[in-house]
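Numbering (the working numbering), first residue to last: 2 to 424.
Shown next, in the form of structure tokens:
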């Protein structure tokens, strides 16, 4: 599969006309766009010293203005309580069985339907995965459905004009925020009545922090943080995997190679072993190449935004204090000077002899101090999905539609497939 090229061509038109660093305006702010790997790495290396995270007003409002301000200064604390949830040790010891169970059940349901819309079906599956781990809700429970309905409203408001008038996307998102806060606070209150009972989820950690006196911030901050983790868990991966399904559909040779790798894992598995293991995951060399290529080509999200804390001098450029810098991983990932034939889906480009030279340009999860703490979780999640998919099913397209890139990957006509049991 090759991506539609108009947006990619436009970014490289800017690159050749203005260079890898150029200024524009976005959301009423002076913005510098960086398409250069070395500039990007310089910015990531100097977070907190020369640059800080910056968010649009809509994002600050939906996730709490005070919370978004405070989280900037105590991100180490947030990572200390949230990081272990997504760390390899926790995935290895506590989450593999639940993840495989949820994915298997989701694909089984898909196969009973004449067709499914891929992106929304993946979002539902990812929500079931993340919500159990963060707040202990079982899939399809009343609490899960209510939380999902309101989190879905966040998507409408994140990229919208911040007009708080009934009927606007921003207003709906703010109503969703209010309901999500109430659901999570009520859940915390219920657990406070029996603090000795543990559920093995992130809310246990939040409750322990609140009751220990160690918590650096209040209940509102921690509830906003939980809501932010839920949103982050379902915001980008479904879009990335929808693109991945399209890439795989157009690349039967990749599906064949994936199937061989995963059939070998099943063949070598002890019959008494009920689920995939962490050790098996570490053997998935070709799967890792496929995931890297999906992440590179999808390059999901409009960019990574930072703000200059002072006038910054770099390689003859001056970035004025207060100006926003938008790092564009997409422009690097699709740069033909770095990735040969960049619009072609080719997992073999990530073979060991090439991977080292490409990795320094590869930043699907950002870099530096604020490198996405869910990176391991996301890659493991995609690997588990691919394992179940290629060992148990095949699929055919029912309705394809085009894939566009505006600020983000978009599937305006949706993407429908029929899942078929593998013979």
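Cβ coordinates follow ideal geometry from the N, Cα and C atoms, glycine included.
Treat the numbers as computed from the prediction; the structure is a model and nothing was measured.
Strand pairing of residue i, partner residues [DSSP]
i           : result
residue 318 : 315
residue 35  : 22 and 328
residue 417 : 118 and 400
residue 48  : 52
residue 308 : 53 and 325
residue 422 : 394
DSSP-derived helix/strand/coil call for residue i
i           : result
residue 90  : helix
residue 195 : coil
residue 400 : strand
residue 57  : coil
residue 183 : helix
residue 29  : coil
residue 70  : helix
residue 160 : coil
residue 200 : coil
residue 367 : strand
residue 239 : helix
residue 169 : coil
residue 372 : coil
residue 303 : coil
residue 361 : coil
residue 205 : helix
residue 225 : helix
residue 84  : helix
residue 234 : helix
residue 214 : coil
residue 245 : helix
residue 65  : coil
residue 6   : With a pLDDT of 40 at residue 6, under the threshold of 50, the predicted position of this residue should be treated as unreliable, though the coordinate-derived value follows. Residue 6 falls in the coil class under three-state DSSP.
Rounded Cβ spacing between residue i and residue j (contact assumed at less than 8 Å)
i           : j           : result
residue 329 : residue 36  : 5 Å
residue 292 : residue 383 : 5 Å
residue 119 : residue 416 : 5 Å
residue 294 : residue 348 : 4 Å
residue 285 : residue 104 : Contact flag wrong, Cβ pair sits at about 15 Å.
residue 38  : residue 32  : Actually they are not in contact, since the Cβ atoms of residue 38 and residue 32 sit about 19 Å apart, beyond 8 Å.
residue 145 : residue 160 : Between residue 160 and residue 145 the Cβ distance is about 26 Å, and since that is not below 8 Å, they are no contact.
residue 208 : residue 192 : 5 Å
residue 203 : residue 86  : 5 Å
residue 23  : residue 309 : Not quite, the Cβ-Cβ distance comes to about 16 Å (not below 8 Å), so this is no contact.
residue 92  : residue 381 : 5 Å
residue 264 : residue 143 : Their Cβ separation, rounded to whole angstroms, is 40 Å, which puts residue 264 and residue 143 out of contact at 8 Å.
8 Å Cβ cutoff met for residue i and residue j
i           : j           : result
residue 171 : residue 232 : no
residue 287 : residue 257 : no
residue 333 : residue 307 : no
residue 177 : residue 152 : yes
residue 127 : residue 234 : yes
residue 379 : residue 108 : no
residue 84  : residue 364 : no
residue 366 : residue 248 : no
residue 112 : residue 420 : yes
residue 236 : residue 63  : no
residue 369 : residue 46  : yes
residue 68  : residue 225 : yes
residue 220 : residue 189 : yes
residue 230 : residue 135 : yes
residue 398 : residue 250 : yes
residue 315 : residue 43  : yes
residue 97  : residue 206 : no
residue 377 : residue 95  : no
residue 101 : residue 243 : no
residue 117 : residue 246 : no
residue 401 : residue 76  : no
Unbroken stretches of the alpha helix (DSSP H), 4 residues or longer, contained in the stretch 93–147: For the stretch 93–147, whole alpha helix (DSSP H) runs of length 4 or above, ordered along the chain, are 97–112 and 119–136.
Whole alpha helix (DSSP H) elements within the stretch 247–288, 4-residue minimum: Within the stretch 247–288, the complete alpha helix (DSSP H) runs of at least 4 residues are 253–269 and 279–283.
Within the stretch 328–356, ranges of the alpha helix (DSSP H) (whole runs, at least 4 residues): List check, alpha helix (DSSP H) in window: 330–334.
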